[in-house]
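Engineer: Quick one: this structure, given as structure tokens, is what I'll be asking you about.
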Amino acid sequence: MKQGLQPSRSTLSRWAPASLPSGDLLLVGGLVMACLITATAVINVSHLTREQYAHLQQLERERDQLQTEWGQLLLEESAWSSPARIERLAVERLEMRLPHVNEVEVIRP
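Here the sequence shown stands for residues 9 to 117, numbered as in the numbering used here.
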């Protein structure tokens, strides 16, 4: 092979970690650690976001079910409190009736 295609020993030794000054080595090490910590934080936040989103969807389903139940309860309440039903129960169970005109007495203050 040709001598020009192979990197010389001086080029290889120049990029070896031992040849970096100690301040530069600390800076590179610190940056690598910062990247690792940041990557771990991103993974953790992504995981927590997915968990919270799943919980939100569960709460929204529960809200929808409760709204449906509330609507049904309102319908049931209106059926139980209808004037026609109240009047029918008053006649059947309590034997109540409307008074005749001659049975009505007006009391004036």
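Backbone N, C-alpha and C fix where the C-beta goes; we use that ideal spot for every residue, glycine too.
Since the model is a prediction, treat every value here as computed from it, not as a measurement.
Name the two residues that bound the continuous alpha helix (DSSP H) containing PRO91.
Structural biologist: Within the sequence shown, residue 91 is the residue found at index 83, counting from 1. From DSSP, the alpha helix (DSSP H) with PRO91 extends over 91-100.
Engineer: Under three-state DSSP, which class holds ARG116?
Structural biologist: On the sequence shown, residue 116 is found 108 positions in, with the first residue counted as 1. ARG116 falls in the coil class under three-state DSSP.
Engineer: Nearest-angstrom Cα distance between VAL99 and THR76?
Structural biologist: Position 91 of the sequence shown, counting from 1, holds the residue named residue 99. Position 68 of the sequence shown, counting from 1, holds the residue named residue 76. Between VAL99 and THR76, the C-alpha separation is close to 34 Å.
Engineer: To the nearest angstrom, how far is the alpha carbon of GLU103 from that of LEU97?
Structural biologist: Locating residue 103 in the sequence shown gives position 95, counting from the first residue. Locating residue 97 in the sequence shown gives position 89, counting from the first residue. Each residue's alpha carbon lies about 9 Å from the other.
Engineer: Rounded to the nearest angstrom, what separates SER86 and VAL53 at their Cα positions?
Structural biologist: Within the sequence shown, numbered from 1, the residue matching residue 86 stands at position 78. Within the sequence shown, numbered from 1, the residue matching residue 53 stands at position 45. When only Cα atoms are considered, SER86 and VAL53 end up about 49 Å apart.
Engineer: Check whether chain C comes within 8 Å of TYR61, counting only Cβ atoms and requiring the distance to be less than that.
Structural biologist: This model lacks chain C altogether; it includes just one protein chain.
Engineer: So, for LEU64: in the same chain, excluding its five sequence neighbours on each side, which residues have a beta-carbon less than 8 Å away from its beta-carbon?
Structural biologist: Counting from one through the sequence shown, the residue named residue 64 turns up at place 56. Excluding sequence neighbours, LEU64 sits near nothing in its chain.
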